[in-house]
Amino acid sequence: MAYKPSKRKSKGAEELEPNLTPVMNLMVVLIPLLLSSAQFIKIGVIDLNLPPAIGSEIAGRSRPKESEKKLDLAITITQQGFYVSSSISMFRGLDRNEPSISNHEDGSFDFNKLSSVLFDIKKRAIDKFIDDDKIIIQAEPDVNYQILISTMDAARSYDVDGKIYSLFPDVSLAAGVI
Amino acid sequence: MAFIPSKRKKHNTNPGKVKLNLTSMMDMFTIILVFLLKTYSTEGMLIQPSEYLTLPKSNIENSPEVALDLVVSKEWVMVNHEPVVKTEQIASSAEYIIHTLREKLSIYAREAKRMEEMYGTKFSGKVTIQGDKTIPYNILVKVMATCGNSGYPNMRLVVYRQGE
Chain A
1 MAYKPSKRKS KGAEELEPNL TPVMNLMVVL IPLLLSSAQF IKIGVIDLNL PPAIGSEIAG
61 RSRPKESEKK LDLAITITQQ GFYVSSSISM FRGLDRNEPS ISNHEDGSFD FNKLSSVLFD
121 IKKRAIDKFI DDDKIIIQAE PDVNYQILIS TMDAARSYDV DGKIYSLFPD VSLAAGVI
Chain B
1001 MAFIPSKRKK HNTNPGKVKL NLTSMMDMFT IILVFLLKTY STEGMLIQPS EYLTLPKSNI
1061 ENSPEVALDL VVSKEWVMVN HEPVVKTEQI ASSAEYIIHT LREKLSIYAR EAKRMEEMYG
1121 TKFSGKVTIQ GDKTIPYNIL VKVMATCGNS GYPNMRLVVY RQGE
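Same order as they appear, the protein sequences are chains A and B.
Those letters in the first sequence? Residues 1 to 178, by the numbering used here.
Those letters in the second sequence? Residues 1001 to 1164, by the numbering used here.
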């Protein structure tokens, strides 16, 4: 007679631990590879234009036509605040001699107000002037580099309710007083 | 009577294999892997920030390119990592152009122009300025004026990208 399958209970197979060796292989190769190409600090560059007076030969070639109107927006950074001037308006502070946008109480610069003032000017100047995306920044001799960069940031774009408006991305630095 | 389990401690002659429990290490590796995948970038470090200074922060989006390296740290001004002039000297000088810096840059400009004639690689006149975030404005303007004067009118300022 044929063999009957034995009714004896056979011992259940032992539970196998998942074999982690191949996964470890993968990790040991991938992680150093990615670590060497990881960028923890991102570097950016800001493009600048030279002040036209000391510029190279290119600056002298194009002369503006007399009939075109220029905005000539300029910001002056002083230790007390910002002075904003353009051919549309001289934005004055409360007092004739006070800066257009004064600093906060503790001395820190008010970049938000600067952005909103520039946004205003941009709204009024857009498409009316040929240089409506240029801005000239000058500063007192002892103003910090970081303040200058933050001013350029504030002048480059303005964030209103999640929409980002581009203000004046074309920045030139002017020499100012030594 | 039934057999009572012996109370004598048995000597373990066969120590058996000790298994290394790798699951927790694998968990950690997975998390590290995911993090590194997120910071993976194919650009590489085209510009090495100098260790003598702290760059300012900005929310600009542009990426750097290869150009002549000019570093303005708190103590020295360096071109291609060779010190050229002390920063304090610039602050105290009354004129716009810094002569030692100008000579150095002119040498580089001449080299690049010669390369252009020999090999055809165009001289772009780009210079990458890395400045410490506390340098005052007048030093920056003088350095920029000197660059423009010695044949490098395209200037780019290097910053840390802050993101918004």
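Each residue gets a CB set at the ideal place from its N, CA and C atoms; glycine is no exception.
Residue nearest to residue i in terms of C-alpha spacing, selected from the options
{"i": "A:L167", "options": "A:I147, A:L173 and A:D159", "result": "A:D159"}
{"i": "A:L114", "options": "A:P22, A:Y165, A:T151 and A:Q138", "result": "A:T151"}
{"i": "B:I1129", "options": "B:K1104, B:C1147 and B:E1095", "result": "B:C1147"}
{"i": "A:L33", "options": "B:T1042, B:D1027 and B:E1051", "result": "B:T1042"}
{"i": "A:Y165", "options": "A:V23, A:E17, A:I75 and A:F119", "result": "A:F119"}
{"i": "B:L1101", "options": "B:N1021, B:T1030 and B:N1149", "result": "B:N1149"}
{"i": "B:V1077", "options": "B:A1094, B:K1057, B:S1058 and B:H1099", "result": "B:H1099"}
Short Cβ contact (8 Å threshold) for residue i with residue j
{"i": "A:L73", "j": "A:I136", "result": "yes"}
{"i": "A:L173", "j": "A:F129", "result": "no"}
{"i": "B:I1047", "j": "B:R1161", "result": "no"}
{"i": "B:T1087", "j": "B:K1104", "result": "no"}
{"i": "B:L1157", "j": "A:I147", "result": "no"}
{"i": "B:V1159", "j": "A:G44", "result": "yes"}
{"i": "B:T1039", "j": "A:Q39", "result": "yes"}
{"i": "A:M27", "j": "B:L1068", "result": "no"}
{"i": "B:K1019", "j": "A:E17", "result": "yes"}
{"i": "B:M1026", "j": "A:M24", "result": "yes"}
{"i": "B:I1135", "j": "B:V1085", "result": "no"}
{"i": "B:L1022", "j": "A:L20", "result": "yes"}
{"i": "B:L1055", "j": "B:P1064", "result": "no"}
Buried versus exposed call for residue i [16 or more other C-beta atoms within 10 Å across all chains shown]
{"i": "B:N1012", "result": "exposed"}
{"i": "A:K65", "result": "Below a pLDDT of 50, predicted positions are generally treated as unreliable, and A:K65, at 49, falls in that range; the measurement from the model is reported next regardless. Exposed, since its Cβ has fewer than 16 Cβ neighbours within 10 Å."}
{"i": "B:G1016", "result": "exposed"}
{"i": "A:R8", "result": "exposed"}
{"i": "B:I1090", "result": "buried"}
{"i": "B:D1132", "result": "buried"}
{"i": "B:M1144", "result": "buried"}
{"i": "A:T76", "result": "buried"}
{"i": "B:V1141", "result": "buried"}
{"i": "A:L48", "result": "buried"}
{"i": "B:V1083", "result": "Looking at the sequence itself, residue 1083 of chain B is Pro, so the reference to Val does not match. With fewer than 16 other Cβ atoms within 10 Å, it is exposed."}
{"i": "A:S36", "result": "exposed"}
{"i": "A:S10", "result": "exposed"}
{"i": "A:K122", "result": "buried"}
{"i": "A:Y145", "result": "buried"}
{"i": "B:I1139", "result": "buried"}
Unbroken beta strand (DSSP E) run spanning residue i, endpoints
{"i": "B:Q1130", "result": "K1126 to G1131"}
{"i": "A:Y83", "result": "G81 to S85"}
{"i": "B:R1161", "result": "N1154 to R1161"}
{"i": "A:S166", "result": "K163 to S166"}
{"i": "B:A1145", "result": "B:A1145 -> not in any beta strand (DSSP E); alpha helix (DSSP H) instead, spanning Y1137 to N1149."}
{"i": "A:L173", "result": "D170 to L173"}
{"i": "A:V45", "result": "I43 to L48"}
{"i": "A:A74", "result": "A74 to I77"}
{"i": "B:L1105", "result": "Counting along the chain, B:L1105 falls outside any beta strand (DSSP E), though it belongs to the alpha helix (DSSP H) covering H1099 to Y1119."}
{"i": "B:V1079", "result": "W1076 to V1079"}
Close Cβ partners of residue i (< 6 Å) along its chain, the five nearest in sequence each way excluded
{"i": "A:A154", "result": "F111, L114 and S115"}
{"i": "A:K69", "result": "F129"}
{"i": "B:L1070", "result": "V1079, V1127 and I1129"}
{"i": "A:S85", "result": "A74"}
{"i": "B:S1106", "result": "S1150"}
Contact set for residue i: own chain, Cβ-Cβ below 7 Å, skip 5 residues either direction
{"i": "B:G1125", "result": "G1151, Y1152, P1153 and N1154"}
{"i": "A:Q169", "result": "Strictly speaking, residue 169 of chain A in this sequence is Pro, with Gln absent from that position. Hits under 7 Å: D133 and R156."}
{"i": "A:G55", "result": "Low per-residue confidence applies at A:G55: pLDDT is 42, beneath 50, and the placement is therefore not dependable, though the value from the model is reported in the following sentence. Answer for A:G55: no residue qualifies."}
{"i": "B:I1097", "result": "A1145, T1146 and N1149"}
Close-in-space but distant-in-sequence residues of the same chain around residue i (CB under 8 Å, 5 per side omitted)
{"i": "A:T78", "result": "P99, A139, E140 and V143"}
{"i": "A:S6", "result": "none"}
Opening and closing residue of the alpha helix (DSSP H) in which residue i lies
{"i": "A:D132", "result": "Per DSSP, A:D132 belongs to no alpha helix (DSSP H) and is neither H nor E."}
{"i": "B:I1031", "result": "T1023 to K1038"}
{"i": "B:E1088", "result": "T1087 to S1092"}
{"i": "B:L1053", "result": "Looking at the DSSP string, B:L1053 is not in any alpha helix (DSSP H), and its letter there is neither H nor E."}
{"i": "A:S116", "result": "F111 to A125"}
{"i": "A:S150", "result": "Y145 to R156"}
{"i": "A:V23", "result": "T21 to S36"}
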